[in-house]
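Undergrad: In my numbering, the protein residues as written are 18 to 285.
Virtual Cβ for every residue (Gly too), placed ideally from N, Cα, C.
Please read these numbers as outputs of a predicted model, since none were measured by experiment.
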Ligand SMILES: [Fe+2]
Ligand SMILES: [Fe+2]
C-alpha cells in the first residue's frame, strides 16, 4: 500500500468581492500579495502531479491549505492542476486547511465544500466529517479541524462531538492499522510559543496517537516537512509545503512486517 501525501499549496489572488475588504480576507490577501506570492510556486504543483501520476500510488492525500483565503477563484487555480489526479485511477483524500475555511462568506464556504467533494470524487462530504474509510487494508480517519478564526490567529480546533466520534471508533477492536488525516499536527512540542498556530481540543486525538489506537497521523500546516516516527513507523508525518519547499511524503505500508516506511520526496 503506497500513499503520496502533499500539502500547503497556498494559491492566492486579490479579494474577489467587496466584502473581502471587510472580513479576514484582507489580512490573507495582504499576506499573499507581499509575502506568499514570492514564496509559493504553483508550478511545483504541476511537477507534483506529474510525479504522482508516474508513481501511481494506491492513494494520494492532500492535507489542506490549497488556497490563501479560501475564495472560489483560488480553488479554481488549484482545481485545474489537480484535475489530472481526479481523472486518473489514483484516489485522492483531501481535508481543508485553515486557509481553505477562512471566512464564513457563503460563496467561499460553498467553494471549499465543493472542492472537498470534487477531489475525493464524492466519497465524502465536508458536512459528514469525520468519516472512516477503508482503503488498501488501512482505515483512514478523515477529520476537519479548521474553522474561521479571528484576524490574527491561524489556530484550529477539534469539535468535542468530532473528538468523541473518533474516540468511539478507535475504542472498537482494531482490525486494520488506522491513519488519521487532518490539517494540524497532533504532536505539539511548543504549545505556548505556537499558541496562535496550533490545534486546540486535540487532547483525545493526541492520546489515541500516543496509545497507538491511531497508528499514524498525516498532517500539514507546518511548511517544513518532518516525520516523528518510532521503529515501526508509528507517529506523525508532516508533508511540508509542496509549493514552498518542493517536498512531499511517500508512505509505504507493508502488511507482512506491519511497518510504515516513510520517505521524503524532493521535487526538482
Ligand atoms: Fe499552510
Ligand atoms: Fe494551515
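Can you look up residue 236 in the DSSP assignment and give me helix, strand or coil?
TA: Residue 236: strand per DSSP, three-state reduction.
Undergrad: Return the first residue and the last residue of the alpha helix (DSSP H) that residue 78 is part of.
TA: Where residue 78 is concerned, there is no enclosing alpha helix (DSSP H), although the beta strand (DSSP E) it sits in stretches over 76-79.
Undergrad: Along the chain, where does the beta strand (DSSP E) that runs through residue 152 open and close?
TA: Where residue 152 is concerned, the enclosing beta strand (DSSP E) stretches over 148-152.
Undergrad: With DSSP as the reference, identify every bridge partner of residue 112, one or two as the case may be.
TA: In DSSP, residue 112 forms no bridge with anything.
Undergrad: So which of 241, 130, 255 and 40 has the shortest CA-CA distance to residue 169?
TA: If we check each option's Cα against that of residue 169, 40 comes out closest.
Undergrad: Tell whether a beta-carbon distance below 8 Å holds between residue 176 and residue 237.
TA: Against a cut-off of 8 Å, the Cβ pair of residue 237 and residue 176 comes out as no contact.
Undergrad: Residue 121 lies in the beta strand (DSSP E); which residues open and close that run?
TA: It is not in any beta strand (DSSP E) - residue 121 carries neither H nor E in the DSSP assignment.
Undergrad: Does ligand 1 have a heavy atom nearer than 7 Å to the CB of residue 166?
TA: Not so, every heavy atom of ligand 1 lies at least 7 Å from the Cβ.
Undergrad: Between the Cα of residue 183 and the Cα atoms of 192, 231 and 201, which residue gives the shortest distance?
TA: Ranking the options by Cα distance to residue 183, first place goes to 231.
Undergrad: Less than 8 Å separating the beta-carbons of residue 108 and residue 21?
TA: Taking 8 Å as the Cβ cut-off, residue 108 and residue 21 do not qualify as a contacting pair.
Undergrad: Just to confirm, are residue 266 and residue 281 a CB contact at a threshold of 8 Å?
TA: Yes, Cβ-Cβ distance for residue 266 and residue 281 is below 8 Å.
Undergrad: Beta-carbon within less than 6 Å of residue 226's beta-carbon, same chain only, minus the 5 sequence neighbours each way: which residues are those?
TA: 203 and 234.
Undergrad: Among the residues of its own chain, which have a CB less than 6 Å from the CB of residue 197, if the five just before and after it don't count?
TA: Within the same chain, residue 197 has close Cβ partners 158, 231 and 234.
Undergrad: Name the residue from 210, 248, 125 and 190 whose alpha carbon lies nearest to the alpha carbon of residue 93.
TA: The shortest Cα separation from residue 93 among 210, 248, 125 and 190 belongs to 125.
Undergrad: Which word fits residue 171, buried or exposed, when buried means at least 16 other C-beta atoms lie within 10 angstroms of its C-beta?
TA: By the neighbour-count rule (16 or more Cβ atoms within 10 Å), residue 171 is buried.
Undergrad: In whole angstroms, what is the alpha-carbon distance linking residue 154 and residue 120?
TA: For residue 154 and residue 120, the distance between alpha carbons rounds to 37 Å.
Undergrad: Does ligand 2 have a heavy atom nearer than 7 Å to the CB of residue 139?
TA: No; taking the cut-off as 7 Å, the Cβ of residue 139 has no heavy atom of ligand 2 nearer than that.
Undergrad: Leaving out the 5 sequence neighbours to the left and right, which residues in its chain are closer than 8 Å to residue 65 when beta-carbon positions are compared?
TA: Counting only Cβ-Cβ distances below 8 Å, and skipping sequence neighbours, we find 23, 259, 265 and 284.
Undergrad: Per DSSP, which residues does residue 156 bridge with? Please list them.
TA: DSSP output for residue 156 lists 151 and 195 as bridge partner(s).
Undergrad: Just jot down, in chain order, the residues whose CB lies closer than 5 Å to any heavy atom of ligand 1.
TA: The filter returns 25 and 82, in chain order.
Undergrad: Note down the Cα distance separating residue 142 from residue 55, rounded to an integer number of angstroms.
TA: Each residue's alpha carbon lies about 33 Å from the other.
Undergrad: Check each candidate in 261, 274 and 256 and name the one with the smallest Cα separation from residue 268.
TA: Of the listed residues, the one whose Cα sits closest to residue 268 is 256.
Undergrad: Determine, using beta carbons only, whether residue 117 and residue 84 come nearer to each other than 8 Å.
TA: Contact: yes.
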